[in-house]
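Which chain is which? The protein sequence lines are A and B, in order. In the working numbering, each number is its position in the first sequence, counted from 1, plus 21. In the working numbering, each number is its position in the second sequence, counted from 1, plus 10. Note that CB positions come from ideal geometry on N, CA and C, so glycine has one too. Before any comments, here is the structure.
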Amino acid sequence: MKTKQSLAKVQKDVPCPFCSIHCDDLVIQNQSGKLKVKENGCPISVERFERPLAQSTPAINGKTATLDEAISQAAGIFKKSVEPLIAGLGTDVGGMRSVMELADKTGSIIDHMHHDGAARNMLVLQDLGWVMTTMGEIRNRAELIIFAGTDASNYPRFYERVVWNEQSMFNYDTAKRDIVYIGENLDTSRGKSPTGKKPTHLKCPQDEISEVISVLHALVGGNKTQKKDEIAGIKMAHLEKLAEQMKNTRYGVIVWAPGELDFPHAELTIQNFCEITKYLNRETRFAGFFLGGNDGGMSANNVSAWQSGFPLRVNFSKGYPEHDLQKYATANVLKNKEADALLWISSFNPEIKPPHAKIPTIVLATADTKLDFKPDVFIPVSTPGVDHSGQMIRTDSVVSLPLKQLRNSDNPSVKEVVRRIVELV
Amino acid sequence: MLIKLSGGTVYDPVHGINGEQRDIYIRDGQITRRPAATVDIDKTYDLKGKVIMAGAIDMHTHIGGGKVNIARMMLPEDHRQDLVSRTPLTRSGCGHAAPSTLTAGYRYVEMGYTACFEPAMLPANARQAHMEMADTPIVDKGAYAMLGSDDFFLRMLAAKKDQEAIADYVGWIINATQALAIKVVNPGGISAFKFNQRKLDLDEKNEYYGTTPRDIIKCLARAVNELGVPHPLHVHGCNLGVPGNVQTTLDTINSVEGLPLHLTHTQFHSYGTEGDRQFSSGAAEIAEAVNANPNISIDVGQVLFGQTVTASGDTMRQYAGHWHAHPKKWVLMDIECDAGCGVVPFKYRDKNFVNALQWAIGLELFLLVNDPWRIFLTTDHPNGAPFTSYPHLIRLLMDRSFRNDMLSTINKDAAASSVLGSIDREYSLYDIAIMTRAAPARSLGLKNRGHLGSGSIADITVYNNVKNREKMFEKPLYVFKDGELVAKNGKIVKVTTGGTHVLKPEYDKSIERSLKSYFDKYQTIKLGNFKIDDDEIVEHGNGHIIVQPCT
């Protein structure tokens, strides 16, 4: 890792690690170690990049310790543990590579903090598959964008970058895009085009989106539906109009955020998105796109898949990887008391707190993370893309970004700490 | 450290050595001349009666990148049947259709392979492909960047930009993505599918750009040639899997007017329309054309029976094939106005007429193409079968009676419509050494690999000379990588990191000006972040870069 190097005062084209659409056009100034987003920031990136570098030291049971002592204590916890859980996984590809090595060596369970959402997607991928697209295709090709159960506001520059972009490859006037929202509590204001064209909002409860999509599927398939005036509170005439739009568009996209579809069996709603998308491709082009995998979620899931052969929620305790999307969820593992030690990793967002499990706990988190309890070991870690270089994989699971080092930090990276634990266990 | 491999029977086609007893010396990772009698030898392996070849090279195997990772995520039920436990030396993982990177590296080495090449690296996904390849231990890797459906190239071609500018772009792509060669997949067809075109013949126009696959192949083949890229343009042609595509393939061979061309997984492109089922073998015609055109090389993409997964950049043909998915799930992706991918699990059945004939067509190609320097052993892993089936395939080629026994078990109509039973040819060990070592190394421009001459990298495989060639090639006695013993009796004994072969062709750097403004206007990543630094490949400490020279 490159540390203590002399860093340019202003860096351009800086990739942002803080949400999974990873904008990479930021201009960031380093003034005596304090960072300022000069251009192309958003509320998330400005808040995170501009947080001062917090001072903190490793601690064992709340008492200050050296890094060596803390690492050795952490290794001791792993050595005593029969079934460790490595969770959070808020790190980059490099950190995750080290986590995989540790998990394999210690027979751990691995899970990411946002995987409840990703697991819904994975269930559909493993059962049905899907037709998907990427940000670059949406930006240049989409004529109809349906936001299903999300308004994409957790990804502040999504509209600027791929919906209302001024130029597109195929001389298509992006301001003419048809934007549709399905669901409730959605801020549809960003769906208004720069020329004032308003989006359509079909309001329904989140857990009834599935029904709406089913009816749309029947309509685009030319099937008869029961004669009803409305479905989930939406007028049938509006659905008939949307079904026609979906059939007639040259390139349509359904956008969902699996983490925002938070109700029992929401994977069936996602399955509906994927089924109708596949069906529409018999005649036209249509694709899905999901927004998720913040805090390194996409990177963690991909590294797990290539190194173990399985996406996340893997248990190595038998010496080989076992994958189960429900059984190895952090909440289940802790509730069922299946783990006897916890390593929690969160190197991006100081607001994220580790679960307070009553088992020996090691926390690798940013220095300014406020904990509700004193873990057995705390090690402040540096942030990828701020304090050190690295790579992260974007939400479309295709493009990955080379992260830059913007300032010098005394805190080690997750990759470094976990590697040192690997050497000791 | 000086190692002597003493008295083995050597097959080294580059030097014309065909089964002669020779001693081989290894010093500092390289093969070296016989030292003076006064020099102490640190370690001697007595290899009398053993067969020695250079480490094998798989020049077309989908081992890394987004589509392989989609296959991994999608198929837990396949992987659960082949779980691999951790050992004190090796990491856990899983095998079969889309193995974990770690298991893939170990299994290649355990089978005597020391290098494998990912043939379909999407520029948009190149960084991930390199990360996955770096996590594939021991073996050397490399990748071919996929062009031909990318908007930047198609608009240059449509605007009739001069050939030199296009070559500059191709040179830039090879540098930016750390590639070793260029591949084209369904030329322009991945783009056409995004405009909802469902088929694209060699002379059919992409409806937006007005370009044809023929234009694309000619232009890219020239560019690759002009840049001095050793490996010819690597072509996955139009109409993959379509009955009657034998004509497309013949026309493709003729389209380049003598320029070097490599046609990949040609089995999937050698189908006629004869017979009751309007599906027949075109292998004889293809083999005749390959034999007659010394500028053409092929790899086969042999089908072997069982469950696998097909993973391809050819979205147009993968969409058409999804109806046959087994199990019934499949993925298609449109990617960054650059390319795409389709992942469709598939089970080849020996009693199914089409699958059985595909099996026979592949073998016909192997046996009817005369020159083993121009035909390479591949299953297009995992598309025709997982790479772990290579030893079985080698036995099919080397053992006529075994082949005929297998032929008698497949679908009767398919067997009857194939000429396979009437072909007597058997591959020799020398032929196998050519097609799995010498020829792919030569084709890729790897001068100090694929042979056992002094100065060559000591990637060496030693086999027990067993009559059952499947057994022989399954578990080599010894495998040396960079001069270190890494596998013994088909088991890893040492884990090392492999390198990544790349090419850095010269091009006019001023092309970056137009590329930069193009990226700023249309792409979702900045030009500077699209490019992959050497540092990124080496910084995790699990790989190094090997720069190969241009011709």
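Distances from the alpha-carbon of Val145 (chain A) to those of A:Lys339, A:Gly111, A:Phe294 put A:Phe294 closest. For the segment 136 to 158 of chain A, the set of residues with a beta-carbon nearer than 7 angstroms to any beta-carbon of chain B comprises Met143, Leu146, Gln147, Asp148, Leu149, Gly150, Trp151, Val152, Met153, Thr154, Thr155, Met156, Gly157, Glu158, in chain order. Counting only residues of its own chain and dropping the five nearest sequence neighbours on each side, Lys526 (chain B) has a CB closer than 6 angstroms to the CB of Leu537. Listed in chain order, the positions of the segment 288 to 322 of chain A with a beta carbon within less than 9 angstroms of a beta carbon of chain B are Lys299, Asn302, Glu304, Thr305, Arg306, Ala308, Asn322.
In the three-state DSSP reduction, Val419 (chain A) falls in the coil class, being neither helix nor strand. Interface residue (Cβ-Cβ distance to chain A less than 8 angstroms): Gly538 (chain B) is classified as such. Under the 8 angstroms criterion on CB atoms, Ala168 (chain B) is classed as non-interfacial with respect to chain A. In chain order, Ala96 place their CB closer than 6 angstroms to the CB of Leu445 (chain A), counting only its own chain and leaving out the 5 sequence neighbours on each side. With respect to chain B, the C-beta atom of Gln328 (chain A) has a partner C-beta closer than 8 angstroms.
Considering only beta carbons, the part of the segment 408 to 423 of chain A lying closer than 7 angstroms to chain B consists of Gln412, Ile414, Ser418, Val419, Val420, Ser421, Leu422, Pro423, in chain order. Against chain A, a Cβ distance below 9 angstroms from Ser159 (chain B) picks out nothing, because the smallest value is about 12 angstroms. Here Phe310 (chain A) is buried. Its C-beta has 16 or more other C-beta atoms within 10 Å.
Taking a cut-off of 8 angstroms for Cβ pairs, the segment 298 to 305 of chain B and the segment 327 to 337 of chain B do not touch, as fewer than three such pairs fall below it. The segment 373 to 380 of chain B and the segment 53 to 70 of chain B do not touch, with fewer than 3 CB-CB distances between them shorter than 8 angstroms. Going by beta carbons, His70 (chain B) and Asp530 (chain B) fall outside the 8 angstroms limit. B:Leu112 is the residue among B:Leu112, B:Phe205, B:Leu132 whose C-alpha sits nearest the C-alpha of Glu142 (chain B). Distance from the Cα of Tyr437 (chain B) is smallest, within the candidate group B:Phe412, B:Asn458, B:His461, B:Lys457, for B:Phe412. Taken through DSSP and simplified to helix, strand or coil, Gln533 (chain B) comes out as coil. One Cα belongs to Leu149 (chain A), the other to Leu462 (chain B), and the distance between them is close to 49 angstroms. The C-alpha of Ile184 (chain B) lies about 20 angstroms from the C-alpha of Thr274 (chain B). When secondary structure is reduced to three states using DSSP, Glu343 (chain A) falls in the strand class.
In terms of Cβ geometry, Glu374 (chain B) and Leu314 (chain B) do not form a close pair [threshold 8 angstroms]. Here Asp309 (chain B) is bridged, per DSSP, to B:Phe386. No Cβ of chain B is located within less than 8 angstroms of the beta carbon of Met134 (chain A). Counting along the chain, Tyr116 (chain B) sits inside the alpha helix (DSSP H) bounded by residues 111 to 120.
Straight-line measurement puts the Cα of Asp38 (chain B) at about 17 angstroms from the Cα of Thr124 (chain B). Taking the Cα of Asp88 (chain B) as reference, the smallest distance to any Cα among B:Met166, B:His140, B:Gly316 is reached at B:Gly316. The bridge partners DSSP lists for Phe399 (chain A) are A:Ala80, A:Val384. Within the segment 373 to 387 of chain B, no residue has its Cβ closer than 8 angstroms to any Cβ of chain A. Under the three-state reduction of DSSP output, Tyr528 (chain B) falls in the helix class. Note on geometry: alpha-carbon atoms of Asp150 (chain B) and Gly115 (chain B) lie some 9 angstroms from one another.
The Cβ neighbour count for Arg44 (chain B), taken over all protein chains shown within 10 Å, is under 16; the residue is labelled exposed. Interface flag for Thr111 (chain B) against chain A is set, since a Cβ pair is found closer than 8 angstroms. For a cut-off of 8 angstroms, the C-beta gap from Leu385 (chain A) to Val402 (chain A) is around 5 angstroms, short enough to register as a contact.
The CB of His89 (chain B) comes closer than 7 angstroms to the CB of Gly330, Phe331 in chain A, given here in chain order. Phe203 (chain B) has its alpha-carbon roughly 29 angstroms from the corresponding atom of Trp369 (chain B).
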